[in-house]
Amino acid sequence: MAKLLRKGPPQRRKATVTSNDVVDVLGAEFRMQKEKVLSTLRSVGINLEGSSSTEEMDLYREVIACKVGDFTRFKSGNEPYLAKLDEQLRAFDEIYVDTAPIIQEDWFLHFVSNAELILKRRKKKLLVLEKTMEELHGLKDNPEKDKDVRVRSTIRPDLLRFLARKGIVRIGDTGSTGIADDHLVELFASIGNSKNLMLITQDRELSERIVALAHKLEQEPSELPKLPWWKKLFGSAEGQAPVSHRMVVCKLVEEGKLKRCYVCPECNESYYDELVDCEGFVLCSRCYIELKEKEAKQVAANDLKRELELKKEESRQKRLREEALEKEQEKPVFTVAKALERRRKKFLLVFSLVVVIVILLAIEIYIIAV
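Residues 3 to 372 (our numbering) are what the sequence shown spells out, left to right.
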């Protein structure tokens, strides 16, 4: 019983498919002969022996699609999304792609398939550094990497060269001799004031460095556009005004969609969200909620303070009214009877004084006469 209780949850068995079924399915999908399917997979180190996991079928499809140049299965039919992608890409002069997004699942294939027509129409290209090509060649023979990473690192260089021949990708040598991340930061720092730049990378640390660099360049005064002498002489003032440039960094997610990297100025943590036209330092949702809660608490505290002040003022006004009423009540009330009584008392007082004076005068006259 104890032995039974020590057993963990039963592991799910992975669905498998025989090698013959794999070849039949792939041959039917890509309209290839079985020998061609087998040779294509062997060229990247995949030997179909026995049974394979159904989860590996997507990798096999990816290999054959890259080899034959058929990316229709990766293209999205969502027109609103394609219009959104067009709006996202058209604002940038140069779009650089790092190593990681190229070999991350099949997301790069989705992105390239959806962006191909946009890039051609906008006359733009995806820029891949020679250093990236070197890293791909180094990964394909690295035993520490997973099988899918090694396979993708094997087929991606040929794919990039194929896309370069189609005019979608440009493989450029920018003189990189050290670490690729440091070189990208230096490259963006040197051209960031003159061009709108986008970097696609899965590296969070590199993304944070680019966001910080973009914020730093935004604080510097914008450079005047370089114009020929005749435009300076006859051009408008608006055309000669300083021009600011954008620098953003994104990563690829499922279906090759772009998510932009932002850094929260409150907690200094990076996060990914929709690509919008704004600065790279934006409050994260947690800090935004905390800020709103603080503002709500401050508003509540201010309302409570104002309410206490109003109650205090009402109490003071009430006390003043009561004091005024008491003073009013303490004042003598003059009625007709009181007025007559007051006149009577005044008359009696005057009469008494007159009588006294008359008596005194009479006495004095009597004394004088005697």
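Backbone N, C-alpha and C define an ideal beta-carbon position, used for all residues, glycine too. Source: prediction; values computed, not measured.
Item to complete: Take residue 159 and list the residues in its own chain whose beta-carbon comes closer than 7 Å to its own, dropping the five residues that flank it on each side.
Response: 135, 138 and 139
Practice prompt. Could you tell me which of 269, 287 and 270 sits nearest to residue 276, measuring between CA atoms?
Written response: 287
Discussion item. My assumption, with CB atoms under 8 Å, is that residue 191 sits in contact with residue 215. Please give the rounded CB distance.
Written reply: 6 Å
Worksheet entry | Alpha-carbon to alpha-carbon, residue 189 and residue 64 | Residue 64 and residue 189 have their alpha carbons spaced roughly 32 Å apart.
Worksheet item: Around the Cβ of residue 66, are there at least 16 other Cβ atoms within 10 angstroms (buried) or fewer (exposed)?
Response: buried
Discussion item. Applying the 10 Å Cβ sphere with the 16-neighbour rule, what's the burial state of residue 80?
Written reply: Exposed, by the Cβ-count rule.
Discussion item. Tell me the rounded alpha-carbon separation between residue 35 and residue 197.
Written reply: Going from the Cα of residue 35 to the Cα of residue 197 covers about 48 Å.
Worksheet item: Hey, how far is the Cα of residue 145 from the Cα of residue 43?
Response: If you take the alpha carbons of residue 145 and residue 43, they lie about 19 Å apart.
Worksheet item: Three-state secondary structure (DSSP) at residue 287?
Response: In the three-state DSSP reduction, residue 287 falls in the helix class (H, G or I).
Worksheet entry | Span separating the alpha-carbon of residue 209 from that of residue 173 | Taking the CA atoms as reference points, residue 209 sits about 21 Å from residue 173.
Discussion item. Are the CB atoms of residue 261 and residue 273 within a distance shorter than 7 Å?
Written reply: no
Discussion item. Tell me the residue span of the beta strand (DSSP E) that contains residue 23.
Written reply: In the DSSP assignment, residue 23 falls outside any beta strand (DSSP E) and within the unbroken alpha helix (DSSP H) covering 21–32.
Item to complete: Report yes or no: do the region 283–302 and the region 263–270 share at least 3 C-beta pairs separated by less than 8 Å?
Response: They touch, by the three-pair rule.
Discussion item. Could you compute how far the alpha carbon of residue 373 sits from the alpha carbon of residue 187?
Written reply: The structure shown does not extend to residue 373, since the chain is modelled only from 3 to 372, so the question has no answer here.
Item to complete: Can you tell me which of the three DSSP states residue 196 falls into?
Response: In the structure shown, residue 196 falls within a coil segment according to DSSP collapsed to helix, strand and coil.
Worksheet item: My guess is that residue 254 and residue 106 are in contact by the Cβ rule of under 8 Å, so how many angstroms apart are they, rounded?
Response: 6 Å
Discussion item. If I measure Cβ to Cβ from residue 331 and keep anything under 7 Å in the same chain, skipping five residues before and after, which residues do I get?
Written reply: none
Practice prompt. Verify the contact flag: residue 101, CB atom, against every heavy atom of the ligand SAH, threshold strictly below 6 Å.
Written response: For the structure depicted, the ligand SAH is absent and the ligand set is empty, with no information on it obtainable.
Practice prompt. Please classify residue 20: is it buried, with 16 or more other beta-carbons within 10 angstroms of its beta-carbon, or exposed?
Written response: exposed
Item to complete: Could you pull out every residue in the same chain whose Cβ sits closer than 8 Å to the Cβ of residue 127, ignoring the five residues on either side in sequence?
Response: 97, 121, 169, 170, 171 and 172
Practice prompt. Identify whether residue 173 lies in helix, strand or coil by the three-state DSSP scheme.
Written response: Looking at residue 173 - three-state DSSP - the assignment turns out to be strand.
Discussion item. Restricting to Cα atoms, I'd like to know which of 370, 25, 257 and 212 is closest to residue 184.
Written reply: 212
Practice prompt. With a 10 Å radius around its C-beta and 16 neighbouring C-beta atoms as the bar for buried, classify residue 298 as buried or exposed.
Written response: With fewer than 16 Cβ atoms within 10 Å of its Cβ, residue 298 is classed as exposed.
Worksheet item: Helix, strand or coil: how does DSSP classify residue 250 here?
Response: strand
Worksheet item: When the Cα of residue 95 is compared with those of 73, 152 and 247, which residue comes out closest?
Response: The candidate whose alpha carbon is nearest that of residue 95 is 247.
Worksheet item: Under the three-state reduction of DSSP, which class applies to residue 104: helix, strand or coil?
Response: helix
Fill in: residue 347 - DSSP class collapsed to helix/strand/coil
Three-state result, residue 347: helix.
Worksheet item: Per DSSP, what kind of secondary structure is residue 275 in: helix, strand or coil?
Response: strand
Discussion item. Strictly under 7 Å for the Cβ-Cβ distance: is residue 72 near chain D by that measure?
Written reply: Annotation note: the requested chain D is absent from the structure, which comprises a single protein chain.
Worksheet item: With DSSP run on the structure shown, which of helix, strand or coil describes residue 37?
Response: Look at residue 37 here: in three-state DSSP terms it is helix.
Item to complete: Enumerate in chain order the residues of its own chain whose CB-to-CB distance from residue 204 is below 8 Å, with the five nearest sequence positions on each side excluded.
Response: 100, 102, 103, 106, 253 and 254
Worksheet item: How many Å lie between residue 25 and residue 281 at the Cα?
Response: 50 Å
Worksheet item: Based on Cα-Cα distance, which residue from 156, 200 and 291 lies nearest to residue 249?
Response: Checked all of 156, 200 and 291; the closest Cα to residue 249 is 200.
Worksheet item: Expressed to the nearest angstrom, what Euclidean distance is found between the alpha-carbon atoms of residue 364 and residue 351?
Response: Straight-line measurement puts the Cα of residue 351 at about 20 Å from the Cα of residue 364.
Item to complete: With distances taken Cα to Cα, identify the nearest neighbour of residue 23 among 51, 46 and 130.
Response: 51
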